[in-house]
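One structure is given here, and the rest of the page talks about it.
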Amino acid sequence: MLCDATSHLQLHPCTLHCCLCSPSFLPAAKCPHGWLSNGRSCYTMRRRGLTWSEAQNSCKHLAAGSHLAHLKTHEDLQFLSSQLLSHNNLLLLWTGLSDQEVNL
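Take 1 as the starting number for the sequence shown in the UniProt record's numbering and just add one per residue.
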């Protein structure tokens with residue numbers, strides 16, 4: 001899902017959009033080079049002007065089994081929030097949440 005500061009869905013591509021990718025499962029400390037590690041999860045952020053579907057496909061090509069991130073726990077949200085604060089000009093972010101009935 002791409003949210004702006006007011007949490008409204010934005011469904012158009014923009015150069016400020018960023019995709020947040022996460023592999024399906026990796027043992028702790030075995031993240032691909034340059035990815036952020038949090039327990040058994042790995043994350044990377046890419047600044048590209050992509051639609052949600054393009055961002056999902058881009059993630060699939062970054063590492064085996066990777067996909068747009070699914071924030072499943074409060075700890076995931078806290079970890080990523082702290083990481084995003086260091087990117088203070090990053091306002092828009094794609095994650096695995098979608099309003100599509102069938103994800104592409």
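C-beta: ideal position from N, C-alpha, C; glycine also.
Might you give, ordered along the chain, the residues of its own chain that have their beta carbon closer than 6 Å to the beta carbon of residue i, omitting 5 neighbours on each side?
i	result
Cys31	Ser37, Cys42
Gln56	Leu68
By Cβ distance, which residues of its chain are closer than 8 Å to residue i, with the 5 residues on each side in sequence left out?
i	result
Lys60	Ser66, His67
Here's the rule: buried if 16 or more other CB atoms are within 10 angstroms of the residue's CB, otherwise exposed. What is residue i?
i	result
Gln78	exposed
Leu71	buried
The alpha helix (DSSP H) with residue i in it runs from where to where?
i	result
Cys59	52–62
Spatial neighbours of residue i within its chain, please: CB distance less than 7 Å, with the 5 preceding and 5 following residues excluded, ordered by chain position.
i	result
His33	none
Gln83	Leu36
In terms of residue numbering, what span does the beta strand (DSSP E) encompassing residue i cover?
i	result
Ser81	Unbroken run through Ser81 is the alpha helix (DSSP H), 74–85; no beta strand (DSSP E).
Cys42	41–47
Tell me whether residue i, by its Cβ, gets closer than 7 Å to a heavy atom of the ligand MG.
i	result
Cys59	In the structure shown, the ligand MG is absent, as is every other ligand, since no ligand is present at all.
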